[in-house]
Amino acid sequence: MPNSHKDIDVLLVEDDPGDVLMTREAFADNKVTNRLSVVSDGVSALEYLRKEGEYANATTPDLILLDLNLPRMDGREVLQALKQDERLRSIPVVVLTTSEAEEDVVRSYSLHANAYVTKPVDFDRFIEVVRQIDEFFVTVVRLPGR
Numbered sequence: 111m112p113n114s115h116k117d118i119d120v121l122l123v124e125d126d127p128g129d130v131l132m133t134r135e136a137f138a139d140n141k142v143t144n145r146l147s148v149v150s151d152g153v154s155a156l157e158y159l160r161k162e163g164e165y166a167n168a169t170t171p172d173l174i175l176l177d178l179n180l181p182r183m184d185g186r187e188v189l190q191a192l193k194q195d196e197r198l199r200s201i202p203v204v205v206l207t208t209s210e211a212e213e214d215v216v217r218s219y220s221l222h223a224n225a226y227v228t229k230p231v232d233f234d235r236f237i238e239v240v241r242q243i244d245e246f247f248v249t250v251v252r253l254p255g256r
């Protein structure tokens, strides 16, 4: 039986300002009221998740949308580090990336990603993909601590 809709905290790890804007617009267009926090590189993602430095008061996200191609530390390394961290490993991670490479798909799942989604370049399709991710993780599945 699906859960009733509850707002969740989403961490978007994305270095492309255009993709950040499209994600924000997709949330707004879909009337998604989830709280979206954004960091632009892998090092900042881990600092945010570990509540270090400027992120000491960060909220632990219920869901992470993770790009693979990031500066300072790529998404694969972020995924590996957070899935090895006992405090963070239960947070669902959706890899949301432009890469269609089979090796990235296989590696992401071997690092325990919960889903792998290739970003559509078409804005309308991108909005639909974000809506589907939201609907699945907010109304269908039960997240830890919810």
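In this text, residue positions in the sequence shown follow our numbering: the first is 111, and each later residue adds one.
Using N, Cα and C, we set each Cβ at its ideal position, and we do this for glycine too.
Residue i: first and last residue of the uninterrupted alpha helix (DSSP H) it sits in
{"i": "V188", "result": "185-194"}
{"i": "R235", "result": "233-245"}
{"i": "T133", "result": "127-139"}
{"i": "E162", "result": "Premise fails: E162 is in no alpha helix (DSSP H) and is neither H nor E."}
Beta-carbon gap between residue i and residue j smaller than 8 Å
{"i": "L178", "j": "S147", "result": "no"}
{"i": "N224", "j": "P202", "result": "yes"}
{"i": "L206", "j": "L180", "result": "no"}
{"i": "V130", "j": "A155", "result": "no"}
{"i": "L198", "j": "L159", "result": "yes"}
{"i": "D151", "j": "R182", "result": "yes"}
DSSP beta-bridge partners of residue i
{"i": "A225", "result": "V204"}
{"i": "V120", "result": "L146, L173"}
Next on the checklist: For the pair the stretch 202-221 and the stretch 152-169, tell me if three or more CB-CB distances fall below 8 Å.
Outcome noted: no
Next on the checklist: Could you check whether the stretch 115-132 touches the stretch 232-252, counting it as contact only if at least three pairs of C-beta atoms, one from each stretch, sit closer than 8 Å?
Outcome noted: yes
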